[in-house]
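Which chain is which? The protein sequence lines are L and S, in order. Heads up: the first sequence begins at 1 in the working numbering, then just goes up one per residue. Heads up: the second sequence begins at 1001 in the working numbering, then just goes up one per residue. Don't be surprised by glycine CBs; every beta carbon is placed ideally from N, CA and C. Values in this document were obtained by computation on a predicted structure and should not be read as measured data.
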Amino acid sequence: MLSFVLQRLLQSVVVVFVLSIVLFVGIWLIGNPADILISSEASEADRLAAITALGLDKPLWQQYLTFLGNAVQGDWGTSFVYKEPATSILLQRLPASLELGLVAFVIAIVASVPAGLYAGLKPESLLGRGVMTFSLIGVSIPTFWQGMLLIVAFGIALPILPVGDRGAVATHFGITSSLWTLDGWSHVIMPAFSLALLKMSLLMRVTRAATMEISRLDFVKFAYAKGVRSRKVVVRHILRNALVPLITVTGIELANLLAYGVITETVFSWPGLGKLLINSIKVLDRPLIVAQLTYTALLFIAINFIVDILHMAIDPRVKSVLRRAA
Amino acid sequence: MTEPFFQVDGLNTWFFTRQGVIKSVRDISFDLRRGEVLGIVGESGSGKSVTGMSIMGQIDEPGRIVSGSISLDGQELTALTFEEMRRFRGRKIAMVFQNPLMTLNPLMRVRDQMYEAISEHEDVSRRQMHDRCIEVLMAVGIPSPEERLNAYPHEMSGGMRQRVVIATALLLGPDMIIADEPTTALDVTIQAQIIYHIRRQIDERGLGMVWITHDLSTLSELADRIMVMYAGAMMEIGTTEDIIGVPRHPYTRKLLGSVPSRNTPGEKLRQIPGNMPSLLSLGKGCPFASRCERATEICGEPVPATQLSATHHIWCYHPFEE
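Here it is as structure tokens:
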């Protein structure tokens, strides 16, 4: 178990390292920030001074090593635009994205797993087909479009929910979040639903497919043949086995929700990371782009790590495969 | 011989699919005595497994028992509600499946899967459940049963898992066990051991057993009586001596002829030419007629049962003479 954790951690470090190179080179290819940041009316001397100040005069590999050295010490550079450390800008925006992503995640899970399970157990029933129709619509409508429809419906035609921004925040237990206030909730619920819709539909389909596949297996028939009550067969035998594929997909989707709320954040003018990333790319604010993309990478790595641990907890076969490998 | 305690009479199980009605089981009747093994033999799709699942009350949508009666100790099973039938399953009738690698839940310990079979029917302490599990595990010849209880299915071999499944079936002392190809997926030496243990349990406990298989050679060692099914219908039923010794039905003869061990070495394997007719478009006559060398015009008419002896019945217009 411990050797597995250490091995995974080591792997993660390698992944982050490789990723940082790809990132750095990729962003360098996009364009020279000096062209955008420095006014075209600036004198040649001012231009050179600015380039030197930003460290853009050095060769790429040297720039990378400087970046890496600082990054290891927790300094991800100073934003070209805000003249503030990239990390602190990131941390300012992070809570808004996290709360939106987490609320969306909870909505997606709570709605999709029971619905998908039901549709998988009774695929021919009216409700089962309804779930499939809903999920088909959910995966087909573009996120920006349903987001705008929601705004028109609940923000304008039936003005019961506020549109745009994050609402009042409060701090409890050292966490500043709008989820502590009712006003905050009224702001978060609509964008969160909009963000959740696609994931919800996707997870419904995954749950349904897994349920249908597992229901056909002999151990489910055997459980019924033992006289086990239907509800217990569903929970102990079907759902538990369906969790194995479900957890993998759920993990990836959670990471997506926390990192890529770009469209929803833009539609609902949510002050989170998604909007920040778009703006940073527009002005080629390299340190900020790198900081955000690294955050995304770390998020995916961390969530995949948790998914692996969960798999080990649920499926004893995984553990014995690891034991044999060790 | 004792009186039969279990009867199936005129059973019809059909599946109502979009393509049409699949008549998987048509007019099946048989009975079973305590301590007796009835073998049901047939090709894939002959309806033998559906017969087993019908008895268990585990026919899934879009299938259902259309008509017929299934009774155990005078209790009509087809009239039971789902919950009443659930209480029958495992307690009165247990079932063993074909693939031991798939019959146990991979995520649960053997202990929990066996305990579950008891606790869903009886309110007993964990200590008692434990003792009963150990007892049945030993009865099917499992060494160090204590360890097996703690194991996950993947930590055991296929033969060991099938023993666990059989032990689970024995847990509540059922009146009968339906075994759907329980040894097909195992290699021959393991097969022999399992059959030995099952036979012993049948004799000791006075169990009735329905043994579903496509393997006539296994049946000839184990079964007291054999029923031959083809395309959902009965072809022939009789004692093992009747069926293996002097088969009268052309299909049974062909089936016996295709058992490899009966051929002389080096000889080409004998197959039955042609395929089973589609269960969607069955005529009223003998379903085997299209593949039968003895078929004539009359085989297109409904086939009545012919009683050849007290134990031997056949559904054929042109049976072989003795």
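#### Entry: Candidates L:Lys319, L:Leu284, L:Val188, L:Phe222, of which the one nearest Gly261 of chain L by Cα
L:Val188
### Message
Can you tell me whether Lys1023 of chain S is helix, strand or coil according to DSSP?
### Response
In the structure shown, the three-state DSSP call for Lys1023 of chain S is strand.
#### Entry: Given Ser1054 of chain S as reference, the closest of S:Ser1029, S:Arg1034, S:Gly1042 once Cα atoms are compared
S:Ser1029
### Query
Helix, strand or coil: which one does DSSP assign to Gln1058 of chain S?
coil
### Task
Hey, could you find the ends of the beta strand (DSSP E) Met1209 of chain S is sitting in?
1208-1213
### Query
Along the chain, where does the beta strand (DSSP E) that runs through Asn1275 of chain S open and close?
First-last for Asn1275 of chain S: undefined, no H or E at that position.
### Query
In chain L, what lies closer than 7 angstroms to Gln1193 of chain S by C-beta?
By Cβ distance, chain L contributes nothing, its closest Cβ being about 21 angstroms from Gln1193 of chain S, past 7 angstroms.
### CB of Gly155 of chain L within 8 angstroms of CB of Ser269 of chain L, strictly
no
### Message
Between Met1234 of chain S and chain L, is any beta-carbon pair separated by less than 8 angstroms?
### Response
no
### 8 angstroms Cβ cutoff met for Ala104 of chain L and Leu195 of chain L
Taking the C-beta atoms as reference points, Leu195 of chain L is found nearer than 8 angstroms to Ala104 of chain L.
### Task
Indicate whether at least one CB of chain L lies closer than 8 angstroms to the CB of His1312 of chain S.
No - not a single Cβ of chain L is within 8 angstroms of the one on His1312 of chain S.
#### Entry: Test item: CB-CB of Val1246 of chain S and Val1165 of chain S under 8 angstroms
Contact flag unset, no.
### Message
Any beta carbon of chain L sitting closer than 8 angstroms to that of Glu1076 of chain S?
### Response
no
### Query
Contact between the region 1143-1153 of chain S and the region 1061-1078 of chain S: three or more CB pairs below 8 angstroms?
At 8 angstroms Cβ cutoff, the stretches do not touch.
### Query
On the three-state DSSP scale, how would you describe Pro59 of chain L?
coil
### Message
Under 9 angstroms, CB to CB, which of the residues in the region 297-316 of chain L have a partner in chain S?
### Response
Ile314, Asp315, Pro316
### Message
I need the boundaries of the alpha helix (DSSP H) containing Ile214 of chain L, first residue and last residue.
### Response
182-215
#### Entry: Selected residue, minimal CA-CA separation from Glu265 of chain L, among L:Phe222, L:Leu179, L:Ser201, L:Arg166
L:Arg166
### Message
For a contact defined as C-beta to C-beta under 7 angstroms, what are the partners of Ser186 of chain L on chain S?
### Response
Those within 7 angstroms of Ser186 of chain L in chain S number zero; the least Cβ separation is about 42 angstroms.
### Message
Let's test the definition: count the other Cβ atoms within 10 Å of the Cβ of Gln11 of chain L and tell me whether it reaches 16, buried, or not, exposed.
### Response
exposed
### Query
In chain L, which residues lie with their C-beta within 9 angstroms of the C-beta of Met1056 of chain S?
Identification of chain L residues near Met1056 of chain S by a Cβ-Cβ cut-off of 9 angstroms yields Lys221, Tyr224, Ala225, ordered along the chain.
#### Entry: Within chain L, the residues that His1154 of chain S reaches when beta carbons sit closer than 9 angstroms
Under the 9 angstroms cutoff, chain L gives Pro316, Arg317, Ser320.
### Query
Hey, Gly1057 of chain S and Leu1077 of chain S are a contact pair by Cβ (cut 8 angstroms); roughly how many whole angstroms apart?
Contact annotation, Gly1057 of chain S with Leu1077 of chain S: C-beta distance approximately 7 angstroms; criterion of less than 8 angstroms satisfied.
### Task
Could you check how far apart the C-beta atoms of Ile263 of chain L and Thr143 of chain L are, in whole angstroms? I think they sit under 8 angstroms.
5 angstroms
### Query
Are any of the Cβ atoms in chain S nearer than 8 angstroms to that of Leu217 of chain L?
yes
### Query
Are any of the Cβ atoms in chain L nearer than 8 angstroms to that of Asn1337 of chain S?
It is not possible to answer for residue 1337 of chain S, since the shown part of chain S is limited to 1001 through 1322.
### Task
Counting only runs of 3+ residues fully inside the region 206-285 of chain L, write out the beta strand (DSSP E) ranges in chain order.
none
### Task
Using a cut-off of 7 angstroms between C-beta atoms, extract the partners of Gly1375 of chain S located in chain L.
The displayed coordinates of chain S run from 1001 to 1322. Any statement about residue 1375 of chain S would go beyond what the structure contains.
### Message
Please list the terminal residues of the continuous alpha helix (DSSP H) segment that includes Phe1088 of chain S.
### Response
1082-1088
### Message
Do Ile1314 of chain S and Glu1236 of chain S have their beta-carbon atoms positioned less than 8 angstroms apart in this structure?
### Response
For Glu1236 of chain S and Ile1314 of chain S, yes; Cβs fall inside 8 angstroms.
### Query
List, in order along the chain, the chain S residues whose C-beta lies closer than 7 angstroms to that of Arg240 of chain L?
Leu1107
### Query
Would Val321 of chain L be called buried (16 or more neighbouring beta carbons within 10 Å of its own) or exposed?
exposed
### Chain-ordered neighbours of Phe1097 of chain S on chain L, where CB pairs are closer than 7 angstroms
Asp218, Lys221, Phe222
### Message
Can you pull the chain S neighbours of Glu124 of chain L, defined as C-beta to C-beta under 7 angstroms?
### Response
Glu1061
### Task
Quick one: measure Cβ to Cβ for Ile1142 of chain S and Arg1163 of chain S, integer angstroms, because I've assumed they're closer than 8 angstroms.
5 angstroms
### Task
Buried or exposed for Phe193 of chain L, please, with buried defined as at least 16 other CB atoms from any protein chain shown within 10 angstroms of its CB.
buried
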